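Read the structure below first, then the notes.
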Amino acid sequence: MTEISTARRAGLAAAAMRIRDRPVAAWRRRDLWWGLFFVGPQTLLMVAFVLVPFAVGLALAFTNWGGFGALHWIGLSNFSTELHDPIFRKAVVNTLIIAAVTVPIGLGLAVVLATALEKVRLRSVYLTLLFLPVVTSSVAVSMIWQQLLQPQGPISTAVSKIFGIAPPDWLNNPGLILFAVCAVAIWSSLGLNVVIFLAGLQTIDENVVEAARVDGAGPIRIFWSIKMPLLSPTMFFSTVVAVISSFQTFDIVYVLTSGDGPGDSARTMVYHIYDVGFLHTEFGLSSAAAVILFLLTMVVTLAQFALQGRFVHYES
Amino acid sequence: MTAARSVPSPVRSLGSKTALHLFLGVSALLMIYPFIWMIITALKTVHQSLYDPLGVVPHPATLSNFPDAWHSLPFGEAYWNSFYICVLVVAGTLLTGAMAAYGFGRVTFRGSKVLFMLFLATQMVPAQVTLIPLYVELSKFGWIDSHLALIVPGMVNPFAVFLIRQFVKSVPIELEEAALLDGANRWRIFWHVVLPNIRPGLVAVGIVVALNSWNSFLYPLIFLNSTRLFTLPLLLAQFRGQFGGVNYPLVMAGSAITIAPMVIAFLIGQRKILNSMAMSGLGGR
Numbered sequence: 000m001t002e003i004s005t006a007r008r009a010g011l012a013a014a015a016m017r018i019r020d021r022p023v024a025a026w027r028r029r030d031l032w033w034g035l036f037f038v039g040p041q042t043l044l045m046v047a048f049v050l051v052p053f054a055v056g057l058a059l060a061f062t063n064w065g066g067f068g069a070l071h072w073i074g075l076s077n078f079s080t081e082l083h084d085p086i087f088r089k090a091v092v093n094t095l096i097i098a099a100v101t102v103p104i105g106l107g108l109a110v111v112l113a114t115a116l117e118k119v120r121l122r123s124v125y126l127t128l129l130f131l132p133v134v135t136s137s138v139a140v141s142m143i144w145q146q147l148l149q150p151q152g153p154i155s156t157a158v159s160k161i162f163g164i165a166p167p168d169w170l171n172n173p174g175l176i177l178f179a180v181c182a183v184a185i186w187s188s189l190g191l192n193v194v195i196f197l198a199g200l201q202t203i204d205e206n207v208v209e210a211a212r213v214d215g216a217g218p219i220r221i222f223w224s225i226k227m228p229l230l231s232p233t234m235f236f237s238t239v240v241a242v243i244s245s246f247q248t249f250d251i252v253y254v255l256t257s258g259d260g261p262g263d264s265a266r267t268m269v270y271h272i273y274d275v276g277f278l279h280t281e282f283g284l285s286s287a288a289a290v291i292l293f294l295l296t297m298v299v300t301l302a303q304f305a306l307q308g309r310f311v312h313y314e315s
Numbered sequence: 000m001t002a003a004r005s006v007p008s009p010v011r012s013l014g015s016k017t018a019l020h021l022f023l024g025v026s027a028l029l030m031i032y033p034f035i036w037m038i039i040t041a042l043k044t045v046h047q048s049l050y051d052p053l054g055v056v057p058h059p060a061t062l063s064n065f066p067d068a069w070h071s072l073p074f075g076e077a078y079w080n081s082f083y084i085c086v087l088v089v090a091g092t093l094l095t096g097a098m099a100a101y102g103f104g105r106v107t108f109r110g111s112k113v114l115f116m117l118f119l120a121t122q123m124v125p126a127q128v129t130l131i132p133l134y135v136e137l138s139k140f141g142w143i144d145s146h147l148a149l150i151v152p153g154m155v156n157p158f159a160v161f162l163i164r165q166f167v168k169s170v171p172i173e174l175e176e177a178a179l180l181d182g183a184n185r186w187r188i189f190w191h192v193v194l195p196n197i198r199p200g201l202v203a204v205g206i207v208v209a210l211n212s213w214n215s216f217l218y219p220l221i222f223l224n225s226t227r228l229f230t231l232p233l234l235l236a237q238f239r240g241q242f243g244g245v246n247y248p249l250v251m252a253g254s255a256i257t258i259a260p261m262v263i264a265f266l267i268g269q270r271k272i273l274n275s276m277a278m279s280g281l282g283g284r
């Protein structure tokens, strides 16, 4: 605007400038419309397919709706039904066990492999092999594992020979089935975490490592005192993502155990939500279970952010 | 453990190098063992898979499980369904996502910051909470048992918007100003100046979106009923129900057919795919 008023005072020469600058001013005024135009499609989709369903889902949790007929508000009764239901409790415990086993072991193995791969020859060959499970459909890999885990399959045979015990029936033994689920879950996400950690390791300044080495630090000291702290923001990000996705375990359980295992022994929270909502059309009850999962996820994620200051090192 | 460290000193011993490669080799072998098992079993006869499941050499080796698997369920249709859904989801996500990324990254308008925060917040909404209402909503649209139920909601991707925005912000603003002085409007600037400059970002996001779409299971399971509409993972799961207990070779041949396109695509675009995954895994850093 100032440019335009200056132009007015400055006569002919400035008139040319005004003509040149007019599109700029008009462009700025139209930015609101352009802004809405650009963010509009994705915003509409998000409102229609995430926000509205989310709000409706929260509301449904307080009703007894079954998909048809009248809908009644029943307050918190769905929540108390679920929390007192031993099957739902089983699902919560199983989900927490899966998270507690897969996250530390999965990320720990990934750090070891990423460190080993950092400066090795043929790295891309190893990476490609490690990454194959990530690009393959979870249904297909679960079907392969279903055969590998049979009592007459290679894993049970090996275990039986090494320990001199009867071949374990991983998928039909309620005490073993969660181990099988965890093993497959770790196996399918390992490659992704290795790639992420490797990228994180490569952002570490070589000079810092070199300086520590000159000061006489050995490889193990360098790993714990230099690399781990510098990798910790990546570790934190991956941990948050890994916990959330372990809370959402479904495909593996669904295919591997043909449902949720003997006596609900492998039932996860998402399987429970699917079972109650879609196999028994108890939409209200299923929504309540989903809200509980959402709250649990939020609490655990917020707790991780709260603890972040203690474990995560950010370079200023 | 010492072997796992990488000390690039010239006197690094041959022993530690060998140990490192041994460790990595064994790990890699363990990771691909299930795929090796899949191929060996797919080449066996049913009889051999039952009486000699551990046999390493299929004897007699047969290729007939592959055509048998292909013909026992509509794999051709499932291939096409998975493929075109994947293409449309990727195209829709990239177009609307890049538009939103440009809108948030470069166009200044009232409320843009709040709206962008809202976008980031929706990433925390787990799919499970929206599952039932989404099902009800889509059935009101008449989209249940239709691919629209997978394609249109599949384009919502706040994370893609966030990642592409990082790339948009790295495009020099001078390029846009130059185009502006040439009389281009916002759309032309977006299309002819910004998009060509963020192509690597679009490829990376596209790869991640494509993988997720291709391998997605829960949504197709819930939204599709007719076998002819099934995507590959859904059809394969069906397969297990029909032949699972007995015909291992047939099931493994079906699994191989299902994963082949993604494995081949991965082996071809391996470097780009790994970079994309690392980039999105690091949150665009």
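Chains as they are written, first to last, in numbering that gives the first Met the number 0: chain S, 0 to 315; chain L, 0 to 284.
Glycine included, C-beta positions come from ideal geometry on N, C-alpha and C.
Model, not experiment: these values are computed from the prediction.
When DSSP builds the beta bridges, which residues end up paired with residue 62 of chain S? As a working note, residue 62 of chain S is residue 63 in the first sequence. Among the bridge pairs identified by DSSP, residue 62 of chain S is matched with S:72.
Can you look up residue 211 of chain L in the DSSP assignment and give me helix, strand or coil? As a first step, residue 211 of chain L is located in the second sequence; it is residue number 212 there, counting from the start. In the displayed model, residue 211 of chain L falls within a helix according to three-state DSSP.
Quick check on the DSSP output: the alpha helix (DSSP H) that includes residue 80 of chain L runs from which residue to which? Walking along the second sequence from the start, residue 80 of chain L turns up at place 81. 74 to 105 is the span of the alpha helix (DSSP H), which, as asked, contains residue 80 of chain L.
Name, going along the chain, the residues of the segment 51 to 62 of chain L whose beta-carbon falls closer than 8 Å to a beta-carbon of chain S. Sequence-ordered contacts of the segment 51 to 62 of chain L with chain S read 52, 53 [C-beta pairs closer than 8 Å].
Is the CB of residue 297 of chain S under 9 Å away from at least one CB in chain L? What you label residue 297 of chain S is simply residue 298 of the first sequence in a count that begins at 1. Output row for residue 297 of chain S: interface = yes.
Quick one: list the residues of chain L neighbouring residue 153 of chain S, beta-carbon separation under 9 Å, in chain order. For this step, residue 153 of chain S is matched to residue 154 along the first sequence. Per Cβ cutoff of 9 Å: 32, 36, 52, 53.
Residue 263 of chain S at chain L interface by Cβ criterion, 9 Å: Locating residue 263 of chain S in the first sequence gives position 264, where the first residue counts as 1. Chain L, which has no Cβ nearer than 9 Å to the Cβ of residue 263 of chain S, makes this no.
Amino acids of chain S, ordered along the chain, whose beta-carbon sits closer than 7 Å to that of residue 132 of chain L: Translated into positions along the second sequence, residue 132 of chain L becomes position 133. Correct list: 52, 55, 56, 59.
Step through the CB atoms of chain S and report whether any lies within less than 9 Å of the CB of residue 258 of chain L. Residue 258 of chain L sits at position 259 when you count from the first residue of the second sequence. For residue 258 of chain L, at least one C-beta of chain S is nearer than 9 Å to its own C-beta.
Inter-stretch contact (C-beta, 8 Å, three-pair minimum) for the segment 38 to 53 of chain S and the segment 147 to 163 of chain L: Yes, since at least three Cβ pairs between the segment 38 to 53 of chain S and the segment 147 to 163 of chain L fall closer than 8 Å, the two stretches touch.
Closer than 8 Å is the cut-off here; do at least three beta carbon pairs connect the segment 285 to 305 of chain S with the segment 78 to 94 of chain S? Put simply, the segment 285 to 305 of chain S touches the segment 78 to 94 of chain S. At least three CB pairs are less than 8 Å apart.
So the alpha helix (DSSP H) residue 190 of chain S belongs to, where does it begin and stop? Within the first sequence, numbered from 1, the residue matching residue 190 of chain S stands at position 191. Taken as a continuous stretch (DSSP letters only), the alpha helix (DSSP H) holding residue 190 of chain S covers 176 to 201.
For residue 170 of chain L, the nearest candidate out of L:144, L:148, L:200 (CA to CA): As a working note, residue 170 of chain L is residue 171 in the second sequence. Among L:144, L:148, L:200, the Cα nearest to that of residue 170 of chain L is on L:200.
Tell me the rounded alpha-carbon separation between residue 102 of chain S and residue 242 of chain S. As a first step, residue 102 of chain S must be located in the first sequence, where it is residue number 103. As a first step, residue 242 of chain S must be located in the first sequence, where it is residue number 243. Going by the C-alpha atoms only, they are around 6 Å apart.
For residue 275 of chain L, does the count of other Cβ atoms within 10 angstroms reach 16, so buried, or fall short, so exposed? As a working note, residue 275 of chain L is residue 276 in the second sequence. Looking at its Cβ environment, which holds 16 or more other Cβ atoms inside 10 Å, residue 275 of chain L is buried.
Alpha carbon to alpha carbon, how far is residue 278 of chain S from residue 287 of chain S? By 1-based counting over the first sequence, the position of residue 278 of chain S is 279. By 1-based counting over the first sequence, the position of residue 287 of chain S is 288. One C-alpha to the other measures close to 16 Å.
Contact with chain S by residue 365 of chain L, beta-carbon distance below 9 Å: With chain L represented from 0 up to 284, any question about residue 365 of chain L goes unanswered, as that position is not in the structure.
Is it a yes or a no for the segment 175 to 183 of chain L touching the segment 46 to 64 of chain S, going by three-plus beta-carbon pairs under 8 Å? The answer is no - the segment 46 to 64 of chain S does not touch the segment 175 to 183 of chain L, with fewer than three Cβ pairs under 8 Å.
Buried versus exposed call for residue 74 of chain S [16 or more other C-beta atoms within 10 Å across all chains shown]: For this step, residue 74 of chain S is matched to residue 75 along the first sequence. Under this definition residue 74 of chain S is an exposed residue.
Output, in chain order, the set of chain S residues within a Cβ distance shorter than 8 Å of residue 247 of chain L. Numbered from its first residue, the second sequence carries residue 247 of chain L at position 248. For residue 247 of chain L, the residues of chain S that pass the 8 Å Cβ criterion are 146, in the order they occur in the chain.
Using CA atoms only, rank isn't needed, just tell me which of S:274, S:212, S:233 is closest to residue 257 of chain S. Within the first sequence, the letter at position 258 stands for residue 257 of chain S. Checking every option, the nearest Cα to that of residue 257 of chain S belongs to S:274.
Unbroken alpha helix (DSSP H) runs of length 4 or more, entirely within the segment 257 to 282 of chain L: which are they? Counting whole runs of 4 or more residues, the segment 257 to 282 of chain L contains the alpha helix (DSSP H) stretches 269 to 280.
Who are the neighbours of residue 107 of chain L on chain S, taking C-beta pairs under 7 Å? In the second sequence, the residue the question calls residue 107 of chain L occupies position 108. Scanning chain S for C-beta atoms nearer than 7 Å to the C-beta of residue 107 of chain L yields 30, reported in chain order.
Under 9 Å by beta carbon: chain L residues contacting residue 164 of chain S: Within the first sequence, residue 164 of chain S is the residue found at index 165, counting from 1. Simply none; closest approach about 18 Å.
So, is the C-beta of residue 198 of chain L closer than 9 Å to a C-beta in chain S? To locate residue 198 of chain L, count along the second sequence from 1; it is residue 199. Cβ-Cβ to chain S under 9 Å: no for residue 198 of chain L.
Taking just the CA atoms, how far does residue 58 of chain L sit from residue 246 of chain S? By one-based count along the first sequence, residue 246 of chain S stands at place 247. By one-based count along the second sequence, residue 58 of chain L stands at place 59. Between residue 246 of chain S and residue 58 of chain L, the C-alpha separation is close to 43 Å.
Quick one: does residue 80 of chain L have its CB under 9 Å from some CB of chain S? Numbered from 1 along the second sequence, position 81 holds the residue referred to as residue 80 of chain L. Output row for residue 80 of chain L: interface = no.
Alpha-carbon spacing of residue 80 of chain S relative to residue 231 of chain S, whole angstroms: In the first sequence, residue 80 of chain S corresponds to position 81, counting from 1. In the first sequence, residue 231 of chain S corresponds to position 232, counting from 1. Rounded to the nearest angstrom, the gap between the Cα atoms of residue 80 of chain S and residue 231 of chain S is 41 Å.
Going by beta carbon distance, what residues of the same chain come within less than 8 Å of residue 229 of chain L, once the five residues before and after it are set aside? Walking along the second sequence from the start, residue 229 of chain L turns up at place 230. Contacts found: 73, 76, 77, 80, 219, 223, 237.
Let me check understanding here. Comparing Cα to Cα, which of L:198, L:271, L:149, L:56 lies closest to residue 163 of chain L? Position 164 of the second sequence holds residue 163 of chain L. Looking at the Cα atoms, L:198 is the closest of the given residues.
Any alpha helix (DSSP H) of 4 or more consecutive residues that is wholly inside the segment 151 to 216 of chain L: Fully enclosed alpha helix (DSSP H) runs of 4 or longer: 157 to 168, 172 to 180, 198 to 214.
Quick one: is residue 312 of chain S buried, meaning 16 or more other Cβ sit within 10 Å of its Cβ, or exposed? Along the first sequence, read from residue 1 onward, the residue named residue 312 of chain S stands at position 313. Residue 312 of chain S is classed as exposed because its beta carbon has fewer than 16 other beta carbons within 10 Å across all chains shown.
Does the Cβ-Cβ distance between residue 87 of chain L and residue 150 of chain L come in under 9 Å? In the second sequence, the residue the question calls residue 87 of chain L occupies position 88. In the second sequence, the residue the question calls residue 150 of chain L occupies position 151. Contact: yes.
Cβ of residue 115 of chain S less than 9 Å from any chain L Cβ? Position 116 of the first sequence, counting from 1, holds the residue named residue 115 of chain S. By the rule that beta-carbons nearer than 9 Å mark a contact, residue 115 of chain S touches chain L.
How about residue 264 of chain L: is its C-beta nearer than 9 Å to some C-beta of chain S? Reading the second sequence from its first residue, position 265 is the one you call residue 264 of chain L. Yes, residue 264 of chain L lies at the interface with chain S (some Cβ there is under 9 Å from its Cβ).
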